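Numbering (the numbering used here), first residue to last: 34 to 289.
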Amino acid sequence: MRRKLLVGNWKMHKTVAESRAFAEELGRHTDKLSPEMDFGVCPPFTSLQILRVLLPTRVELGAQNVHFEPKGAFTGEISVEMLAELGVHYVIAGHSERRHVFNESDAWVRQKVHAIASAGLVPILCVGEDLRQRELNHTLRVVERQTLAGLAELNEEQVAQAVIAYEPVWAIGSGMTATAEDAENVITAIRGVVKAEKGDYAAANVRILYGGSVKPDNIAAFMTQTNIDGALVGGASLDAKSYVQLAQSMLGGLSE
Ligand code: PGA
34 MRRKLLVGNW
44 KMHKTVAESR
54 AFAEELGRHT
64 DKLSPEMDFG
74 VCPPFTSLQI
84 LRVLLPTRVE
94 LGAQNVHFEP
104 KGAFTGEISV
114 EMLAELGVHY
124 VIAGHSERRH
134 VFNESDAWVR
144 QKVHAIASAG
154 LVPILCVGED
164 LRQRELNHTL
174 RVVERQTLAG
184 LAELNEEQVA
194 QAVIAYEPVW
204 AIGSGMTATA
214 EDAENVITAI
224 RGVVKAEKGD
234 YAAANVRILY
244 GGSVKPDNIA
254 AFMTQTNIDG
264 ALVGGASLDA
274 KSYVQLAQSM
284 LGGLSE
């Protein structure tokens with residue numbers, strides 16, 4: 034049985050003071066975070082330390098990026114060990130903004146996912162087609178390629194522990210979402226390639242999230258789908274009240 038998962042991706046938002054305010058506000062509502070679900074927040078690196086101290090223990094710490102080398106002359110980069118020392122549990126790899134704005138290739142993403150999983154942390158591998166690829170009907174081809182490339186170096190057990198986030202690029206920050214049925218179809222196809230490549234156990238256990246303009250008022254529809262295990266949320270995760278609403282609406286979707 035896969036536990037449902039809500040992860041906030043703050044991108045380049047929030048100073049330390051703002052992160053503290055979020056954690057304090059969230060701390061006043063922990064009774065609304067169901068013990069049946071898992072939670073994560075991925076702040077900028079600079080806020081990891083304060084959130085490690087102040088986030089409710091139910092909410093795991095996540096990072097938005099990492100470099101795959103253990104150490105060395107890589108100005109501006111952060112290693113997996115540095116994140117682990119700060120109590121980080123989830124690490125996003127291959128977010129579309131990293132792929133498109135910073136030119137990260139499948140090969141880089143593959144090495145990041147491998148480094149994260151090898152250290153016992155949980156990779157959140159992001160995959161998704163852009164608008165042009167969607168219009169050309171290449172969605173499944175693109176996400177299947179990104180999924181297989183990202184997971185290539187993981188064994189079956191590591192895949193079972195991992196998280197994949199299907200985020201159509203055109204839906205991120207745009208206010209447009211895939212329909213729940215469309216997202217379910219793509220996510221079912223992703224689970225299918227995981228099964229073909231990594232086996233039944235990996236496919237049955239890997240958690241696959243939807244992301245892209247998820248809000249408290251649309252998240253429940255995604256959660257009614259069999260293969261969607263949660264959401265990776267940007268904008269709507271920045272406000273603690275909205276984060277709590279997402280958590281509660283998610284549960285509403287589950288009980289329908
Ligand atoms: P959004 O971002 O919820 O603001 O669309 C999602 C993401 O980029 O992970």
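Beta carbons are placed, not taken as given, at the ideal position from N, Cα and C, and that holds for glycine.
Just so it is clear, the structure is predicted and the values come from calculations on it, not from any experiment.
Bridge partner(s) assigned by DSSP for residue i
{"i": "residue 72", "result": "39, 92"}
{"i": "residue 52", "result": "Beta-bridge pairing links residue 52 to no other residue."}
{"i": "residue 261", "result": "BP columns for residue 261 are empty, so no partner."}
{"i": "residue 112", "result": "100"}
{"i": "residue 242", "result": "198"}
{"i": "residue 266", "result": "41"}
Counted within 10 angstroms of its Cβ, other Cβ atoms place residue i as buried (16 or more) or exposed
{"i": "residue 104", "result": "exposed"}
{"i": "residue 86", "result": "exposed"}
{"i": "residue 191", "result": "buried"}
{"i": "residue 42", "result": "buried"}
{"i": "residue 172", "result": "buried"}
{"i": "residue 80", "result": "buried"}
{"i": "residue 177", "result": "buried"}
{"i": "residue 68", "result": "exposed"}
{"i": "residue 234", "result": "exposed"}
{"i": "residue 64", "result": "exposed"}
{"i": "residue 210", "result": "buried"}
{"i": "residue 180", "result": "buried"}
{"i": "residue 101", "result": "buried"}
{"i": "residue 140", "result": "exposed"}
{"i": "residue 168", "result": "exposed"}
{"i": "residue 133", "result": "exposed"}
Coarse secondary structure for residue i, derived from DSSP in three states
{"i": "residue 178", "result": "helix"}
{"i": "residue 247", "result": "coil"}
{"i": "residue 205", "result": "coil"}
{"i": "residue 67", "result": "coil"}
{"i": "residue 105", "result": "coil"}
{"i": "residue 255", "result": "helix"}
{"i": "residue 117", "result": "helix"}
{"i": "residue 279", "result": "helix"}
{"i": "residue 289", "result": "Caution applies to residue 289, whose pLDDT of 44 falls short of 50 and renders its modelled position unreliable; the value that the coordinates give is listed next. Coil at residue 289, not helix or strand."}
{"i": "residue 210", "result": "coil"}
{"i": "residue 284", "result": "helix"}
{"i": "residue 271", "result": "coil"}
Nearest-angstrom beta carbon gap, residue j and residue i [assumed within contact, 8 Å]
{"i": "residue 39", "j": "residue 264", "result": "6 Å"}
{"i": "residue 227", "j": "residue 239", "result": "6 Å"}
{"i": "residue 220", "j": "residue 170", "result": "Not really, about 18 Å apart at Cβ, beyond 8 Å."}
{"i": "residue 276", "j": "residue 59", "result": "6 Å"}
{"i": "residue 161", "j": "residue 202", "result": "5 Å"}
{"i": "residue 280", "j": "residue 107", "result": "Between residue 107 and residue 280 the Cβ distance is about 36 Å, and since that is not below 8 Å, they are no contact."}
{"i": "residue 36", "j": "residue 70", "result": "6 Å"}
{"i": "residue 95", "j": "residue 62", "result": "Residue 95 to residue 62, Cβ: 19 Å. No contact."}
Element boundaries [beta strand (DSSP E), containing residue i]
{"i": "residue 124", "result": "121 to 126"}
{"i": "residue 158", "result": "155 to 160"}
Where the alpha helix (DSSP H) containing residue i begins and where it ends
{"i": "residue 87", "result": "81 to 87"}
{"i": "residue 147", "result": "139 to 151"}
{"i": "residue 133", "result": "129 to 134"}
{"i": "residue 215", "result": "213 to 231"}
{"i": "residue 186", "result": "Counting along the chain, residue 186 falls outside any alpha helix (DSSP H), and DSSP gives it neither H nor E."}
{"i": "residue 164", "result": "164 to 168"}
Any non-hydrogen atom of ligand 2 within 7 Å of residue i CB
{"i": "residue 265", "result": "This structure does not include ligand 2; its bound ligands are ligand 1."}
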